[in-house]
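In what follows, a single structure is set out as structure tokens and then discussed.
Protein chains in written order, with our numbering: chain A, 1 to 293; chain B, 1 to 533; chain C, 1 to 308.
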């Protein structure tokens with residue numbers, strides 16, 4: 001029995017360059033966003049039009065991706081659904097960033113009391129998983145892209161507040177912040193030069209991580225019948241609809257599933273790369289310092 | 001006694017390869033039976049890697065080069081063969097590392113951890129092993145059997161290191177490797193642990209490979225010495241010869257850095273004693289908030305009083321946790337006094353008025369222990385050095401020019417202005433910090449362990465720089481440190497802090513004179529044979 | 001020693017108090033959110049059958065819906081504490097009975113998936129740090145990327161498609177095998193990377209090096225010195241998995257037709273059966289809060305340093 005008890009040396013990715021995977025993911029996301037922008041122009045059919053003479057049709061020349069159980073063109077629904085899916089995903093991440101990061105920062109800047117109050121309250125409801133909170137909020141706020149984005153944003157906001165707090169305290173404890181104070185630098189100077197740039201990196205990274213989660217959570221909600229309204233289809237809703245007729249129209253489910261997988265994977269790859277780029281220790285790791293003369 | 005025919009351990013042409021190049025090159029040395037070889041060098045010289053390579057314990061990603069040959073006790077040392085090396089470790093070759101707190105398993109009682117080593121040495125479970133555990137603890141001067149039942153975090157640093165030594169002795173090794181065994185300990189216990197190692201080595205007749213950056217310690221413990229620099233052994237020989245007449249310039253510099261500390265600094269220009277003190281600390285106390293919601297505050301410093309005049313240096317000597325850094329922070333206006341007062345140029349800090357008015361802030365500047373932490377890694381040296389100037393409204397180009405001048409004054413090429421802190425060496429970073437502090441034109445400079453993170457040769461350069469700058473700018477300096485020789489060299493007067501109180505005060509020259517407080521004596525005891533080194 | 005024990009006891013008591021506070025806060029929040037929903041139970045019933053205005057009023061009075069939200073909350077909480085969660089509006093059965101029927105399915109499903117996930121994650125992570133080859137490390141990445149890229153409901157749908165429709169292996173619906181495997185792998189993927197990183201750091205830790213320097217057998221080094229170091233993080237990660245299980249349970253129960261709390265909750269949401277919605281969420285959340293508290297307390301008991 002021989003256990004070497006050592007891991008293979010970590011391949012340190014060269015920061016600064018763009019790895020191929022990240023470039024590919026970026027290109028994919030750009031393509032999907034572009035598709036969302038021009039979807040109504042290029043979609044061959046109205047995504048809501050039901051062709052009752054062509055139910056559950058397999059892909060052919062007229063319907064490249066086939067039709068669903070009530071005769072709607074899958075390709076058109078997929079293209080138009082891109083827009084709603086992205087709106088809700090980006091909207092949710094933006095709302096979470098604004099509410100979680102914004103409130104967190106205000107509470108931190110105002111002092112210990114507000115910090116204790118806000119984070120005490122967040123701590124109390126932290127045990128609710130985002131999916132459950134989002135589900136409740138959607139029930140309370142109603143269907144549609146706007147309410148769903150707000151529900152997702154509220155559900156993921158605590159993540160941003162915690163990230164803001166961690167980065168804030170890490171920065172405030174740095175010797176360079178202390179030094180700035182001894183130079184006579186006021187709170188605004190310290191915030192502007194030292195704290196906010198480092199905080200921004202942490203928050204952007206968190207947004208990149210939360211964005212694909214918002215999209216998945218929205219799909220799950222739609223899949224459970226709680227997401228967007230029926231007249232603005234999302235990919236999740238397409239999966240849900242098609243799952244009922246999976247035996248006779250399997251093609252209708254494959255396309256939206258692949259779309260969701262490609263989008264979330266691309267966003268995750270980008271998020272992972274951002275996390276590495278904004279790593280506060282990256283500089284120190286990238287190049288070795290000079291040897292003492 | 002068997003006449004030794006060959007050294008216990010001989011290593012030839014040892015190299016340690018990393019993915020981006022060798023870290024140790026062509027290192028050869030021998031350790032005779034019952035002898036001690038000191039491997040000395042500054043941080044990054046490859047001395048610890050050499051020891052780990054000898055044990056087959058290199059970190060992942062590092063490998064021993066193919067040209068390496070090593071023999072141990074008359075046989076080839078099976079460096080590449082993990083099971084064979086494992087059977088040697090603990091039984092024939094044992095090691096004591098630097099940081100005992102991190103080296104002991106936090107989840108296991110120390111008696112059990114020693115028992116593990118005894119099990120390896122074939123001591124059967126039960127009474128025999130328990131008795132041997134207690135005997136080993138007694139051998140490292142932990143006589144109370146209760147120690148065996150403690151967890152590592154319930155022991156002091158010195159006690160933890162004694163447990164590590166007991167564990168190393170459990171297999172009755174022929175060779176003990178000690179990798180900076182006292183560096184992580186408080187000054188006052190360093191001497192005891194070093195003495196213990198010396199006594200055990202003699203008593204058991206072990207050979208020892210002693211790795212250290214401290215020449216005085218090497219002189220005290222070793223028969224032979226090998227000096228390492230940048231992965232190579234640059235000089236080797238009997239310890240007395242190498243230290244008294246070093247052959248190479250690098251060894252000379254290393255030795256003289258220490259020796260210079262022992263000779264007085266260049267005489268300061270005469271200063272009128274009639275100067276009123278710039279800084280007066282009266283009966284100062286500082287509290288820290290207690291742990292937990294309703295815990296009472298912890299008094300970190302109490303009853304501190306002293307004065308400091310223009311152009312003079314007060315040394316504050318103490319161990320970690322003694323309250324010396326709290327004192328420095330309070331004087332810089334960063335900690336609220338709980339009682340007493342601090343008179344600074346132009347303002348007085350009291351519990352009621354704990355902040356320095358913005359206009360007076362710059363009169364007192366800080367130099368930190370870790371210069372890397374004091375420089376925001378995202379900014380260039382130009383932005384960092386110019387920060388105080390820009391704050392006082394100096395334009396960008398003017399600030400850059402003045403920064404370049406200030407950097408030149410501390411011996412830095414203005415070309416560093418466009419670099420980032422991580423591209424500079426530790427000594428260069430500390431020079432940037434000092435230049436930046438001086439751009440505030442301070443009347444008081446507080447140096448909090450300002451040279452502790454630096455290598456010996458660099459340490460001396462920074463100390464000399466501080467002294468020169470003080471002569472030129474005539475600021476008062478509060479120099480906080482744990483190394484009595486460093487503090488004595490730079491200070492005119494010294495106060496010794498222990499347990500949050502000033503327990504001793506004297507002129508720097510009298511620090512090892514008669515009538516000192518017992519704690520002062522224990523701090524100084526760590527320095528053996530200072531005349532020799 | 002006794003002082004230590006008292007300290008630990010006090011800390012445990014404090015943690016339990018926090019747990020109760022958390023549970024109460026969440027139950028109140030859920031109660032209020034459900035009240036915000038436009039239209040109440042009676043509206044739902046009125047839409048289904050013919051109810052006169054007077055009948056509706058009488059019904060509201062009977063259900064207590066005409067009282068203030070605060071009063072309703074107090075009444076509901078008091079009853080819930082004694083195990084009475086009210087009546088289902090659609091099924092006219094006590095909610096407590098419905099929960100009791102659904103709970104075993106969910107508990108079985110959740111614990112099986114949890115166990116599968118933990119076993120997979122630990123096996124791969126330990127293999128990756130001990131084998132020294134790149135293959136196990138690649139497996140860590142693969143499982144991690146799998147869980148990021150493939151949302152469980154997509155995998156579930158494709159699973160049904162492949163196993164049931166294309167391969168014709170029946171029955172898939174009503175069986176737990178496929179969903180447990182899907183959620184298990186997903187759970188593993190969420191924690192395997194941080195777990196591996198933690199273990200890799202721990203292998204480089206000084207006390208593990210000491211254990212190797214003592215010449216201990218590698219298996220002993222891993223089991224006695226390496227794994228305990230990773231326990232706190234493993235507990236934290238397990239907590240994460242449990243939270244993730246909620247999403248997995250909801251979707252898998254719906255997709256595979258498992259009659260658990262998730263199915264119950266969703267059916268209740270669609271049928272606006274608010275007493276059931278409220279009770280189901282309360283049960284899920286109280287369970288999560290309790291598990292969180294348990295992991296914290298366990299951490300405290302395992303690590304001798306925490307009580308210092």
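Glycine included, every Cβ here is placed at the ideal spot set by N, Cα and C. This structure is a prediction, so every number in the text was calculated from the model and none was measured.
Proximity test, Cβ basis, 8 Å: residue i and chain A
i, result
"residue 292(C)", "yes"
"residue 141(B)", "no"
"residue 151(C)", "yes"
"residue 251(C)", "yes"
"residue 387(B)", "yes"
"residue 373(B)", "yes"
Residue-chain proximity (residue i, chain B), Cβ-Cβ < 8 Å
i, result
"residue 114(A)", "no"
"residue 134(C)", "no"
"residue 175(A)", "yes"
Cα-Cα separation, residue i to residue j
i, j, result
"residue 455(B)", "residue 425(B)", "11 Å"
"residue 222(B)", "residue 86(B)", "27 Å"
"residue 535(B)", "residue 113(B)", "Lying before the first or after the last residue shown, residue 535(B) is absent from chain B, which here runs from 1 to 533."
"residue 310(B)", "residue 491(B)", "13 Å"
"residue 230(C)", "residue 28(C)", "36 Å"
"residue 264(A)", "residue 157(C)", "17 Å"
"residue 43(A)", "residue 80(A)", "7 Å"
"residue 320(C)", "residue 13(C)", "Past the edges of chain C, shown from 1 to 308, lies residue 320(C), and the structure says nothing about it."
"residue 388(B)", "residue 487(B)", "28 Å"
"residue 82(B)", "residue 56(B)", "7 Å"
"residue 18(C)", "residue 302(C)", "20 Å"
"residue 21(C)", "residue 286(C)", "11 Å"
"residue 150(A)", "residue 173(A)", "34 Å"
Short CB-CB distance (under 8 Å) between residue i and chain C
i, result
"residue 9(B)", "no"
"residue 148(A)", "no"
"residue 151(B)", "yes"
"residue 220(A)", "yes"
"residue 137(A)", "yes"
"residue 250(A)", "yes"
Under 8 Å between C-beta atoms of residue i and residue j
i, j, result
"residue 270(A)", "residue 25(A)", "yes"
"residue 88(C)", "residue 276(C)", "yes"
"residue 261(A)", "residue 150(C)", "yes"
"residue 73(C)", "residue 176(C)", "no"
"residue 167(A)", "residue 145(A)", "no"
"residue 88(A)", "residue 148(A)", "yes"
For residue j and residue i, believed in contact at Cβ under 8 Å, the rounded distance
i, j, result
"residue 74(A)", "residue 252(A)", "5 Å"
"residue 75(C)", "residue 121(C)", "That belief does not hold up - the Cβ atoms of residue 75(C) and residue 121(C) are roughly 45 Å apart, past 8 Å."
"residue 110(C)", "residue 249(C)", "6 Å"
"residue 235(A)", "residue 208(A)", "With 8 Å as the limit, residue 235(A) and residue 208(A) do not qualify as a contact, their Cβ atoms being about 20 Å apart."
"residue 369(B)", "residue 441(B)", "Actually they do not touch by this definition, with Cβ atoms about 23 Å apart."
Residue i: contacting residues in chain C (beta-carbon distance under 8 Å)
i, result
"residue 216(A)", "151"
"residue 173(B)", "None at all; the shortest Cβ gap to chain C is about 10 Å."
"residue 129(A)", "243, 244, 246, 247, 288"
Neighbouring residues, chain A, relative to residue i (Cβ below 9 Å)
i, result
"residue 207(C)", "Those do not exist, as residue 207(C) stays about 14 Å from chain A at its closest Cβ, beyond 9 Å."
Under 8 Å by beta carbon: chain B residues contacting residue i
i, result
"residue 204(C)", "59, 60"
"residue 305(C)", "106, 151, 153"
Cross-chain neighbours of residue i in chain A, by beta carbon under 7 Å
i, result
"residue 270(C)", "225"
Proximal chain A residues relative to residue i, where beta-carbon distance stays under 8 Å
i, result
"residue 361(B)", "181, 182, 183, 184"
Residues that residue i contacts on chain B, provided the C-beta gap is smaller than 7 Å
i, result
"residue 225(C)", "105"
"residue 216(C)", "116, 120"
Inset, instruction - Scan the region 85-101 of chain B for residues whose Cβ lies nearer than 8 Å to a Cβ of chain F and list them as they occur along the chain. - result: Included in the structure are the protein chains A, B and C, with no chain F among them.
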